[in-house]
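Peer 1: Take this structure first; my questions come after.
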Amino acid sequence: MIGFVNGLAIVIFLAQLGQFKAPDLSGALTWLPQDQMMLMLGLVALTMGIIHFLPKITTAVPSSLVAIVTVTLLVQGLGLDTRTVVDFLRSMSGDEAATLAGSLPTFSIPAVPLTWETLQIILPYAIILAAIGLIESLLTLTVLDEMTNTRGQSNRECVGQGLANVTCSVFGAMGGCAMIGQSMINVNSGGRGRLSGIVAAVALLMFILFAAALIEMIPLAALVGVMFMVVIGTFEWATFKLARRVPKQDFFVIVLVTVVTVLTDLAVAVAVGVVVSALMFAWEHAKHIYASSRINDEGSKEYMVNGPIFFGSAANFLELFDAPNDPQDVIVDFANSRVTDHSAIEAIETLAERYSAVGKTLHLRHLSPDCRKLLDKAGSLVEINVKEDPSYKVATDVLAG
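Our numbering puts the first residue of the sequence shown at 2, with every later residue one more than the last.
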């Protein structure tokens, strides 16, 4: 999760850099002139300073709200020449008359043909958007749980988000998900329950319907300052300390997921993170299988296997045994091991064939119930004797050879 969170923090930071640019006469985005840049940086610093220091004085009023109002009043009162929300809206849309003002949406079923061809076009994008939305919402929920020392209801979050997006689709609105930036601002401002989210949604609707002009006059510097503080609060700065405290492969996954999140998107980063983590887990556990052996009172050789047997460790498992030089009876004890997949079954069958080829008998002991299920395909090779193994209630001997 650290890699995802760090990646999102960097993405948020990089997204703010565009506010320090403006289109030139040719329409290309260039850095602001020096005087405007210095003014922008000063207002950003003022916003960040208010957000940082105000909670040390009082928490009665959200510091981010105070910062935005203060910077807006300062810009409007002194007539400072800096870009505002409406300037950004008009430059991005290319419409000099663009405004945030809107009206209530109307119910409308999307006018698309309900055919298989339509589904083939829509379904891949729908799955990707749903996956990204759910992943980011659950990541946000996890981050907030850590901040508040509580445990959110992830199932309710997913169902609610799905119902909300379906509702949006029939009102001509865009789908959405929980945003880590806005959620952190909400929590840091004292919001904890459902009421804070409802108030935020209703307030946004009221501003768009009746007070768009107030939002349009907010300087971009104030919003950038707020988001920079979100970045500072979101990024896991302890990551740099983890470099020496965690295994190198774990730190590599953190860095890899962070980079992939920044360069591609969250869905790709999740897939890469899961695959790489699984491969590293398999590689690490493949090296952790070993066995101790002894000759018992009956003259049989007992192998005590330690570690899981799966596709990654199957080859190492076979190297633990010495069929040509072992005595006539060999016992393999799986009390400290697990048979986890088909590759493990094949390894055990190969081992049985090796001992059978040299005329020796192989016994398998202390197989857990799930291991026995995987070995059921051995048919008559499986022999169960519950009485001799009352603690496991499973086979004490699986005669394979």
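Where a beta carbon is used, it is the ideal one built from N, C-alpha and C, also for glycine.
Which residue's Cα is closest to the Cα of L130: T141, V256, G28 and G163?
Peer 2: L130 has its Cα closest to that of G163, out of T141, V256, G28 and G163.
Peer 1: Do three or more CB pairs link the stretch 334-342 to the stretch 297-315 at distances below 8 Å?
Peer 2: Cβ pair count under 8 Å is three or more, so yes.
Peer 1: If you check the beta carbons only, do M228 and Q17 fall under 7 Å apart?
Peer 2: For M228 and Q17, yes; Cβs fall inside 7 Å.
Peer 1: Return the residue from the list I349, G313 and L363 that minimises the CA-CA distance to D327.
Peer 2: For D327, the nearest C-alpha among the options comes from L363.
Peer 1: Check whether the Cβ of N156 lies closer than 6 Å to any heavy atom of the ligand GTP, and answer yes or no.
Peer 2: The ligand content of the structure shown is nil, which means the ligand GTP is not present either.
Peer 1: Would you identify the three-state DSSP class for F335, choosing helix, strand or coil?
Peer 2: Three-state result, F335: strand.
Peer 1: Per DSSP, what are the beta-bridge partners of N307 in this structure?
Peer 2: Looking at the DSSP assignment, N307 forms a beta bridge with Y291 and N337.
Peer 1: Output the distance between the C-alpha atoms of I110 and T85, rounded to the nearest integer angstrom.
Peer 2: So the two alpha carbons sit approximately 36 Å from each other.
Peer 1: Would you mind stating whether L221 and F89 have Cβ atoms separated by less than 7 Å?
Peer 2: Yes, Cβ-Cβ distance for L221 and F89 is below 7 Å.
Peer 1: Whole angstroms is fine: what's the gap from Y356's alpha carbon to L280's?
Peer 2: Looking at the two C-alpha atoms, the distance is approximately 32 Å.
Peer 1: What's the C-alpha gap between A379 and E299?
Peer 2: Its pLDDT being 48, under 50, A379 is placed unreliably in this model, and the coordinates cannot settle the point.
Peer 1: Assuming A132 is part of the alpha helix (DSSP H), what are its boundary residues?
Peer 2: Residues W117 to T149.
Peer 1: Give a yes or no on contact between the stretch 177-187 and the stretch 138-147, applying the rule of three or more CB pairs nearer than 8 Å.
Peer 2: Flag = yes, the stretch 177-187 and the stretch 138-147 touch.
Peer 1: With burial defined as no fewer than 16 other Cβ atoms inside 10 Å of the residue's Cβ, what is the status of M41: buried or exposed?
Peer 2: Counting Cβ neighbours within 10 Å, M41 comes out buried, since at least 16 surround it.
Peer 1: Please list the terminal residues of the continuous beta strand (DSSP E) segment that includes P24.
Peer 2: K22 to P24 is the extent of the beta strand (DSSP E) around P24.
Peer 1: Can you round the beta-carbon distance between V263 and G8 to whole angstroms, since I take them to be within the 8 Å contact cut?
Peer 2: V263 to G8, Cβ: 5 Å. Contact.
Peer 1: For the stretch 37-57 against the stretch 66-74, do three or more pairs of beta-carbon atoms, one drawn from each stretch, fall closer than 8 Å, so that the two count as touching?
Peer 2: Contact between the stretch 37-57 and the stretch 66-74 is present, because at least three Cβ pairs lie under 8 Å.
Peer 1: Would you mind reading off the limits of the beta strand (DSSP E) that contains H364?
Peer 2: It spans T362 to R366 - the beta strand (DSSP E) in which H364 sits, taken as one unbroken run.
Peer 1: Within the continuous beta strand (DSSP E) that includes L30, where are the two ends?
Peer 2: Looking at the DSSP string, the run of the beta strand (DSSP E) that includes L30 is L30 to W32.
Peer 1: For I290, which residues of its own chain have a beta-carbon under 8 Å away from its beta-carbon, when the five flanking residues on both sides are left out?
Peer 2: Same-chain partners within the cutoff: V306, N307, G308, P309, I310, S314, N317, F318, L321 and S338.
Peer 1: If you draw a straight line from the alpha carbon of V254 to that of E237, how long is it in whole angstroms?
Peer 2: Roughly 15 Å separates the two Cα atoms.
Peer 1: Tell whether a beta-carbon distance below 7 Å holds between L267 and I128.
Peer 2: No, Cβ-Cβ distance for L267 and I128 is not below 7 Å.
Peer 1: What first and last residue would you give for the alpha helix (DSSP H) that runs through C159?
Peer 2: Taken as a continuous stretch (DSSP letters only), the alpha helix (DSSP H) holding C159 covers S155 to S170.
Peer 1: State the Cα-Cα distance for the pair E97 and R152, rounded to the nearest angstrom.
Peer 2: So the two alpha carbons sit approximately 47 Å from each other.
Peer 1: I need the straight-line Cα distance from F14 to V6, nearest angstrom please.
Peer 2: So the alpha carbons of these two residues sit roughly 12 Å apart.
Peer 1: Per DSSP, what kind of secondary structure is D36 in: helix, strand or coil?
Peer 2: Three-state DSSP puts D36 in a helix.
Peer 1: Between I199 and V231, which are expected to be in contact by the criterion C-beta below 8 Å, what is the C-beta distance as a whole number of angstroms?
Peer 2: The Cβ separation is near 21 Å, so there is no contact.
Peer 1: Give every residue of the same chain whose Cβ lies closer than 7 Å to the Cβ of S381, excluding the five residues on either side of it in the sequence, and list them in chain order.
Peer 2: Reliability of the predicted coordinates at S381 is poor, the pLDDT of 33 falling under 50, and the value obtained from them is presented with this limitation in mind. Result list for S381: empty, nothing under 7 Å.
Peer 1: For F252, which residues of its own chain have a beta-carbon under 7 Å away from its beta-carbon, when the five flanking residues on both sides are left out?
Peer 2: The residues are L243 and A244.
Peer 1: Under 7 Å, do S92 and P24 count as touching if we go by C-beta distance?
Peer 2: A contact, by the Cβ cut-off of 7 Å.
Peer 1: Buried or exposed: where does A287 fall if 16 or more other Cβ atoms within 10 Å of its Cβ makes it buried?
Peer 2: Burial call: buried.
Peer 1: Determine the extent of the alpha helix (DSSP H) in which F211 is found, giving its start and end residues.
Peer 2: Counting along the chain, the alpha helix (DSSP H) containing F211 begins and ends at R195 to F211.
Peer 1: Taking S301 as the reference, which of L368, Q154 and A324 has the closest Cα?
Peer 2: Of the listed residues, the one whose Cα sits closest to S301 is A324.
Peer 1: Distance, Cα to Cα, A223 vs G28?
Peer 2: Rounded to the nearest angstrom, the two C-alpha atoms are 25 Å apart.
Peer 1: If we ignore side chains and look at the alpha-carbon of each, how far apart do Q20 and M38 end up?
Peer 2: Q20 and M38: Cα-Cα distance of roughly 10 Å.
Peer 1: How many Å lie between F172 and V113 at the Cα?
Peer 2: Taking the straight line from one Cα to the other gives about 15 Å.
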